[in-house]
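In this note's numbering, the protein residues as written are 43 to 724.
For glycine and all other residues, C-beta sits at the position ideal for the given N, C-alpha and C.
Notes to accompany the following structure.
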Amino acid sequence: MRDIQIRKRNSIRLIIRRIVTKPFVTVINIIFILVILNLIYPTRKIIFTSMKEGDIAQKDIIAPFTFPIQKSPEELSRERKKAIESILPVVEYDKEKTEEINKGIEKLFAILYGRNRRSINDKIKLLNKNGFLLSRSTVVQMLKPDIKKQQEKIKNIIKKPLLKGIIYDKDQIPFMKEKRVTVRKNGTETIYGEKDFYNLTEAKKYVENRIFSTMKGDEQFIKAVDEVVGILYSPNLRVNIEETERRRKEAGNSVPLTKGLVLKGEMIVRAHDQVTRDKAAKLESLNLILSHRKSPKDTILLRSGINILFLVLLFIIYFYIVSYERVLWKEREKLLIVELTTLVFLYLITFLFKLEHTYLFLIPAAFLSMLFAMLFGEIVSMLFSFVIASIIAIFFGMRFPIFIYVFGGSIAGIFGIRGIKKRTELYKGILTISVTNVLLILSIELFSRARFGDILLGSSFGFANGIVSVFLLSVLIPFFEKLAGKTTNITLFELSDLNLPLLKKLSVVAPGTYNHSIVVANLAEAAAEAIGANSILTRVASYYHDIGKMSKPEYFIENQMGMKNPHSKLTPRMSCIILIAHVKEGVIIAQKAGLPVEIVNIIREHHGTSLIVPFFEKAKKQNQSEKIEEEQFRYPGPLPSSKESGIVMLADAIEAASRSIEEPNAKKLKTLIKENILRKKL
Numbered sequence: 043m044r045d046i047q048i049r050k051r052n053s054i055r056l057i058i059r060r061i062v063t064k065p066f067v068t069v070i071n072i073i074f075i076l077v078i079l080n081l082i083y084p085t086r087k088i089i090f091t092s093m094k095e096g097d098i099a100q101k102d103i104i105a106p107f108t109f110p111i112q113k114s115p116e117e118l119s120r121e122r123k124k125a126i127e128s129i130l131p132v133v134e135y136d137k138e139k140t141e142e143i144n145k146g147i148e149k150l151f152a153i154l155y156g157r158n159r160r161s162i163n164d165k166i167k168l169l170n171k172n173g174f175l176l177s178r179s180t181v182v183q184m185l186k187p188d189i190k191k192q193q194e195k196i197k198n199i200i201k202k203p204l205l206k207g208i209i210y211d212k213d214q215i216p217f218m219k220e221k222r223v224t225v226r227k228n229g230t231e232t233i234y235g236e237k238d239f240y241n242l243t244e245a246k247k248y249v250e251n252r253i254f255s256t257m258k259g260d261e262q263f264i265k266a267v268d269e270v271v272g273i274l275y276s277p278n279l280r281v282n283i284e285e286t287e288r289r290r291k292e293a294g295n296s297v298p299l300t301k302g303l304v305l306k307g308e309m310i311v312r313a314h315d316q317v318t319r320d321k322a323a324k325l326e327s328l329n330l331i332l333s334h335r336k337s338p339k340d341t342i343l344l345r346s347g348i349n350i351l352f353l354v355l356l357f358i359i360y361f362y363i364v365s366y367e368r369v370l371w372k373e374r375e376k377l378l379i380v381e382l383t384t385l386v387f388l389y390l391i392t393f394l395f396k397l398e399h400t401y402l403f404l405i406p407a408a409f410l411s412m413l414f415a416m417l418f419g420e421i422v423s424m425l426f427s428f429v430i431a432s433i434i435a436i437f438f439g440m441r442f443p444i445f446i447y448v449f450g451g452s453i454a455g456i457f458g459i460r461g462i463k464k465r466t467e468l469y470k471g472i473l474t475i476s477v478t479n480v481l482l483i484l485s486i487e488l489f490s491r492a493r494f495g496d497i498l499l500g501s502s503f504g505f506a507n508g509i510v511s512v513f514l515l516s517v518l519i520p521f522f523e524k525l526a527g528k529t530t531n532i533t534l535f536e537l538s539d540l541n542l543p544l545l546k547k548l549s550v551v552a553p554g555t556y557n558h559s560i561v562v563a564n565l566a567e568a569a570a571e572a573i574g575a576n577s578i579l580t581r582v583a584s585y586y587h588d589i590g591k592m593s594k595p596e597y598f599i600e601n602q603m604g605m606k607n608p609h610s611k612l613t614p615r616m617s618c619i620i621l622i623a624h625v626k627e628g629v630i631i632a633q634k635a636g637l638p639v640e641i642v643n644i645i646r647e648h649h650g651t652s653l654i655v656p657f658f659e660k661a662k663k664q665n666q667s668e669k670i671e672e673e674q675f676r677y678p679g680p681l682p683s684s685k686e687s688g689i690v691m692l693a694d695a696i697e698a699a700s701r702s703i704e705e706p707n708a709k710k711l712k713t714l715i716k717e718n719i720l721r722k723k724l
């Protein structure tokens with residue numbers, strides 16, 4: 043099951059890749075980014091007054107024009123929730139389904155009690171032919187003379203729950219406070235309570251109780267009726283989620299945003315009066331109206347300038363990736379993850395805009411820089427850090443100090459986690475980020491001649507920023523690894539520990555395979571470094587590539603060590619089946635152990651579709667008169683899908699074959715390697 047899920051996830055990823063690599067999609071993507079950036083761009087309020095509830099007014103404040111009083115977010119949320127809760131779930135009564143079930147009931151009873159004098163066996167055959175798979179004992183019970191006389195009563199009892207309606211499961215109904223629904227039936231709507239209709243279990247129970255109470259049926263007959271009902275019944279009610287959500291959304295949206303008017307010239311608050319909650323709401327509404335009363339020309343010029351800057355920043359990213367990160371450019375679905383993560387991050391930090399500038403030092407930009415460094419490398423992360431810092435500075439009024447702080451902290455995060463090999467070592471990044479943040483804050487605040495209290499508060503925020511950034515990274519890195527389909531070096535280094543239970547078990551259960559895997563890892567790592575592939579992934583995958591051999595270790599030559607070869611008692615075909623099975627077993631073990639997708643794929647692909655030559659040749663010798671199909675002696679594949687997978691495949695084959703060379707030397711090994719490469723057709 044998990045293997046199917048992984049393959050499905052990979053196929054979805056490939057479909058996304060095909061879509062996002064089309065040129066017009068890139069243009070659409072840039073437009074999408076610009077639209078989102080414009081939507082989340084914080085608009086600066088024109089502060090009419092900073093007074094809040096409880097303050098004393100210093101002067102009279104008179105309404106300069108008529109304006110509506112806006113409801114507070116809390117009021118609006120409360121009223122919308124109430125409106126939404128008043129909408130009952132919509133349930134559709136399926137008339138066609140009901141007729142279909144009723145026809146089935148009539149047909150079944152016609153076969154059972156029709157005028158044709160068929161034998162029980164003939165009736166059972168006819169029932170089966172029509173899809174009514176009833177047991178013989180049930181048919182016998184239903185054909186009893188006293189039951190046959192009451193067939194109409196039984197039929198009516200079975201039909202009755204269909205009139206009210208049967209739903210598959212009431213738990214699927216999105217109830218609010220009230221356990222009631224709106225049932226749409228034949229063009230009319232009726233309110234049903236939870237007990238006014240049935241689920242499948244309740245419908246069956248109703249029939250059982252009615253049969254028992256009205257007909258005094260015995261236990262065998264009740265069971266027979268239960269089996270009949272089980273075959274006939276299917277839900278004729280379904281929850282209309284779309285209509286329910288539409289009505290609830292409509293109800294929520296219909297709640298007025300305002301709660302009255304302030305007329306032009308009206309006294310909002312008098313000098314020396316205390317600002318009440320109602321007066322504060324009026325002042326806030328006035329402030330909101332004023333913030334949107336900019337001239338269209340100013341707005342157009344401002345937005346044009348900002349969007350030019352956004353375009354320049356996006357051009358820098360695309361130019362660099364297209365020119366220097368070809369692999370990442372081909373896997374543009376991963377760029378989509380970076381893009382969406384960044385946009386969500388930028389949206390969240392806009393909430394800090396309403397707070398004092400000191401709170402901006404809480405922006406955990408180092409989290410993103412460390413995340414991108416782990417997934418895509420330091421250079422790519424530095425580039426994105428520059429762009430993110432620039433956008434944040436634009437958001438907060440072209441403030442260069444904000445850019446310096448965010449970019450500096452991001453770079454500190456990248457260098458703070460460099461060389462880390464275990465998740466438990468991430469804490470080392472805290473000190474680098476926190477100290478850098480504090481130094482940058484001191485510089486910024488001292489330059490602006492801030493008060494000592496603000497400097498102290500800002501520095502504490504900067505230090506906490508480092509802790510928060512590393513905490514977010516440690517918690518979210520597994521999620522982003524799965525999302526991007528990419529395993530970080532930290533995870534790979536952790537999996538390379540030979541003391542891990544799975545590798546220790548391999549060394550005990552299949553010591554020959556364990557030693558073989560270590561040698562393959564050394565070969566594969568050197569080859570990966572030579573061609574610029576991921577040497578860490580190659581080495582770690584090599585450790586695990588043959589874990590499937592633990593199921594039957596004695597059938598693999600490296601584990602026999604003086605033992606009698608069990609293949610001598612098997613047919614070549616059976617031997618091949620056992621050898622081929624270790625790949626599937628390895629995939630299952632790897633998935634149960636939670637190994638990353640890249641390693642699972644390499645386990646699955648490390649033999650490709652190669653031929654098991656010894657047993658193929660043995661089969662040909664034993665069956666000279668018959669044609670032996672090569673496909674029966676080949677691994678099923680798939681072929682390697684990455685450079686790392688291909689390297690492990692070759693290293694595995696070469697190491698295994700090299701053990702058969704007597705008096706090995708460089709020339710013999712080169713010949714062996716060429717033969718293996720040709721045989722593998724790579």
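Run through DSSP, which three-state label would residue i get?
i      : result
Asn170 : helix
Leu637 : coil
Val225 : strand
Thr530 : coil
Arg345 : helix
Val281 : strand
Arg312 : coil
Asn329 : helix
Thr651 : coil
Arg726 : An answer regarding residue 726 cannot be provided, because it is not within the stretch 43 to 724 covered by the chain.
Tyr240 : strand
Pro115 : helix
Glu671 : coil
Glu367 : coil
Leu518 : helix
Lys87  : Bear in mind that the predicted position of Lys87 carries a pLDDT of just 46, short of 50, making it too unreliable to give a figure here.
Tyr135 : strand
Pro106 : coil
Val512 : helix
Glu287 : helix
Tyr234 : strand
What do you get for residue i, buried or exposed, if any count of 16 or more other CB atoms within 10 angstroms of its CB means buried?
i      : result
Arg646 : buried
Gly628 : buried
Pro678 : exposed
Leu534 : buried
Arg345 : exposed
Leu305 : exposed
Val249 : buried
What separation, rounded to the nearest whole angstrom, lies between the Cα atoms of residue i and residue j?
i      : j      : result
Ile196 : Thr256 : 10 Å
Lys524 : His624 : 26 Å
Ser700 : Lys528 : 33 Å
Thr341 : Thr108 : 24 Å
Phe505 : Lys546 : 41 Å
Arg312 : Lys113 : 22 Å
Arg374 : Arg441 : 32 Å
Leu808 : Ile199 : Within the shown structure, residues of the chain are numbered from 43 to 724, placing residue 808 beyond reach of any answer.
Gln193 : Phe174 : 17 Å
Leu579 : Val639 : 11 Å
Met309 : Ala454 : 54 Å
Gly636 : Leu653 : 30 Å
Leu168 : Arg226 : 37 Å
Ser502 : Val510 : 12 Å
Kindly indicate if chain B contains any beta-carbon less than 9 Å away from that of residue i.
i      : result
Ser501 : Here chain B cannot be found, since the structure has a single protein chain.
Hey, residue i and residue j are a contact pair by Cβ (cut 8 Å); roughly how many whole angstroms apart?
i      : j      : result
Lys709 : Ala575 : Not a contact, Cβ separation roughly 27 Å.
Met603 : Gly554 : 6 Å
Leu514 : Phe409 : 4 Å
Arg493 : Ser538 : In fact, because the Cβ distance is near 52 Å, the residues do not count as touching under 8 Å.
Notebook entry, point to check: Quick one: any contact between the region 473-482 and the region 423-434, if contact means 3 or more CB pairs under 8 Å?
Noted result: At 8 Å Cβ cutoff, the stretches do not touch.
Next item on the list: Pair every Cβ in the region 229-236 with every Cβ in the region 188-195, then say whether three or more of these pairs are closer than 8 Å.
Entry: Counting Cβ pairs under 8 Å, fewer than three are found: no touch.
Checklist line | Meets three-Cβ-pair contact criterion under 8 Å: the region 381-395 and the region 456-467 | finding: Fewer than three pairs of CB atoms, one per stretch, sit closer than 8 Å, so the region 381-395 makes no contact with the region 456-467.
Next item on the list: Decide if the region 608-626 is in contact with the region 659-670; the criterion is three or more beta carbon pairs, one per stretch, under 8 Å apart.
Entry: They touch, by the three-pair rule.
Notebook entry, point to check: Would you call the region 323-333 and the region 118-134 in contact, with 3 or more CB pairs under 8 Å?
Noted result: Output reads no: the region 118-134 does not touch the region 323-333.
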